[in-house]
Structure formats: C-alpha cells, structure tokens
Amino acid sequence: MMKKIVSVLKHCRSFLITSHIGPDGDSISSQIALALLLEKLGKRKKVIIINEHTVPQIYRFLPHVNRVSAPYSLLPAPSSFEIAIVLDCSNLERTGKISSLISTPRSPLPTPLIINIDHHLDNSFFGDFNWVDKKASSVSEQIFSLSKILGLPLNKKLATLLYTGIITDTGSFQYHLSPTTHKIIATLISKGVVPEEITKNLYQNLPFASLKLFGLALATLKENKV
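Numbering (the working numbering), first residue to last: 826 to 1051.
Structure below.
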C-alpha cells in the first residue's frame, strides 16, 4: 500500500489536506509538514490545508501556521482536487462538515480520491488508500517516516512541526512511545529543534483568560482536615 501512496503523492498535482474537528497539536503539525513535503516534490504541486475549525491560539507559534484555513466554507469545489488526504481521523465523519464535501457518491461532479493516514486502533479504513500504523505514536511520526521514504531532507521548521505533533500526542512523552519514537525525537533535535522553546510555547505561555479561569478554580479550593 505504501508504494501506491508514494506513487500517488509523486504523480498527482492537486491535494486537499484536512483533519478532525477540534484540531490538536498532532493534526495541525502533521498537516503543515505534509504540505511542505508535497511542495518539495515539485513546484507545480497545488496544496491546500483546510479544517472545519480554526487553529487554537496555543498552536499559533508553529511555522507556516497561516497555511491552515478555516472555516470549511472556504473549500473550493471538490472536483478541483485530485487527492484528499485525511490525517489523524479514525473515520471520515471526524472531519465534520468537510466529509460531505470530499465524499459525495451521488454528486454529478468527480470527487477526489481519499488517502487515509492515521494511527488510531479503531480506524475504519475509509480511504481509497489507507496507511494506518497502530504502532506509531502520532501521525507526525508517520509523516517523519514518509519524508524518509520520499528521500526529502528535514529542515528546522519541518522538525519543529513534527516534534510538536509527537510531544502533544504522547502527553509530553509519557505514553505510547517506542524506541523508534525516541530515535525520531533525537533526529528532530539534531535538525535544530529547541525542546525548551516548544515546551514554553505549549505549556507556559497561557492566555490571560486561561490564567483568570485557573485563578477562579484555585479560589474554590478547600482543605479537608482529618
């Protein structure tokens, strides 16, 4: 299956990349990273990233984050794309309203072929091409593997995206890790990733509204003396 997916990525020219509603660090990072890799395959590649929901403020530090568009109403006609790549979704419905736009069996217009890239155990293999790696920590880890298969070198921006996707989907490296994941992290750091900067952006730069809410929660604490 990977050979077929690689062939499609190399030879097709127009791609729509999407992911699930309520986007998280892995879905956003992997989308941007995949778009950048596709464009490295050829200058004539047309790639758009669009989700139903906007990018949460916490991930606005990511390189090229403005590439991610929302709302889904901005989506061009499905027939204008050859391939729809769905990331980090166990089923197509997880993309929200976008699902009806890229998969309309009775539509008189041609709809794009779907590539499903995911790591969840309950994936329904909904794509025309499915790459489901249940041992992967994240889709970002899969995109790292794809870069190796395609022979495309990583720069600091790509490494930062993939590192962010992995750290957020593993709970700051607390679960669903493997020796392969640790080797990938080491490689990403060697490409210029600064872990302290990413950790600060993700977990220490809280919005003022969040701090106020946290303060209100702390104000309700009571001590139960035994």
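Every residue, glycine too, gets a C-beta built ideally from N, C-alpha and C.
Check whether the Cβ atoms of residue i and residue j lie closer than 9 Å to each other.
| i | j | result |
| --- | --- | --- |
| Asp913 | Ser997 | no |
| Leu987 | Leu975 | no |
| Phe954 | Ile940 | yes |
| Lys829 | Glu877 | no |
| Ile942 | Ser839 | no |
| Thr843 | Val911 | yes |
Once DSSP output is grouped into helix, strand and coil, what is the label at residue i?
| i | result |
| --- | --- |
| Phe954 | strand |
| Val911 | strand |
| Asp947 | coil |
| Asn891 | helix |
| Leu938 | strand |
Using only the alpha-carbon positions, how far apart do residue i and residue j sit?
| i | j | result |
| --- | --- | --- |
| Lys870 | Leu862 | 10 Å |
| Ile1052 | Pro888 | Absent from the model: residue 1052. The displayed extent of the chain is 826 to 1051, so no value can be given. |
| Leu946 | Lys959 | 6 Å |
| Ile846 | Ile853 | 11 Å |
| Leu971 | Leu859 | 9 Å |
| Tyr1000 | Pro848 | 20 Å |
| Glu966 | Pro1004 | 12 Å |
| Thr879 | Val831 | 29 Å |
| Leu1046 | Lys981 | 43 Å |
At which residue ranges does the region 831-871 contain complete alpha helix (DSSP H) runs of 4 or more residues, listed in the order of the chain? Look at the region 831-871 and you find these whole runs of alpha helix (DSSP H), each 4 residues long or longer: 850-865.
Determine contact between the region 1011-1028 and the region 1041-1051, defined as no fewer than three beta-carbon pairs at a distance below 8 Å. Not touching, per the Cβ criterion.
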